[in-house]
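Numbering (the numbering used here), first residue to last: 484 to 655.
Note that beta-carbon positions come from the ideal geometry of N, C-alpha and C, so glycine has one too.
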């Protein structure tokens with residue numbers, strides 16, 4: 484019985500022959516096609532760059548008059564000096580830290596909201612603290628339309644709705 488059992492187990496097994504030739508052929512063709520694609524893409528990008536350089540030509544004479552630094556307000560960590568624009572110097576992360584900048588802006592705005600000052604000295608417009616403005620608003624109220632205009636419009640409104648509500652009667 485042991486012999487039968489041993490012969491049955493070997494009869495169902497597959498042979499261990501593996502054909503390596505097609506696998507090697509695939510890997511070699513993949514490497515060659517990758518190298519060819521790399522060379523073609525490098526040439527194509529070089530062609531595109533040369534076309535762009537030809538189209539750009541000489542810079543406009545007005546290009547030197549343009550400001551190289553963006554006007555205020557700038558995006559956080561945006562270049563604030565010519566050296567940063569030219570790439571000679573990176574952003575100063577200790578002085579230009581976004582959190583420090585945000586705290587400075589909040590402090591300046593808080594000072595404006597809580598102090599007196601001129602908005603337009605020539606026109607006589609002043610700034611008062613926000614708490615004082617709220618108290619004045621509660622005391623004086625919001626400006627409203629005159630009462631005469633409100634009464635006139637209230638009287639005119641029912642007359643127009645009555646005539647518009649019923650159709651005109653024809654006499655025969």
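- Counting the other CB atoms within 10 Å of its CB gives residue 542 a total below 16, which places it among the exposed residues.
- Under the three-state reduction of DSSP output, residue 503 falls in the coil class, being neither helix nor strand.
- Within the model, the alpha-carbon separation for residue 599 versus residue 625 is close to 22 Å.
- In this chain, the beta strand (DSSP E) harbouring residue 603 covers 600–603.
- Assignment of residue 609 by DSSP, reduced to helix, strand and coil, places it in the strand class.
- Residue 562 is classed as buried because its beta carbon has at least 16 other beta carbons within 10 Å across all chains shown.
- Nearest in C-alpha terms to residue 614, of all of 572, 597, 576 and 606, is 597.
- The straight-line gap separating the alpha-carbon atoms of residue 507 and residue 529 is approximately 33 Å.
- Here the C-alpha atom of residue 595 lies approximately 20 Å from the C-alpha atom of residue 582.
- Where residue 550 is concerned, there is no enclosing alpha helix (DSSP H), because DSSP gives it neither an H nor an E.
- One alpha carbon belongs to residue 539, the other to residue 566, and they sit about 25 Å apart.
- If you look at residue 557, you'll find it isn't in any alpha helix (DSSP H); DSSP assigns it neither H nor E.
- For residue 593, the uninterrupted alpha helix (DSSP H) run begins and ends at 581–596, by DSSP.
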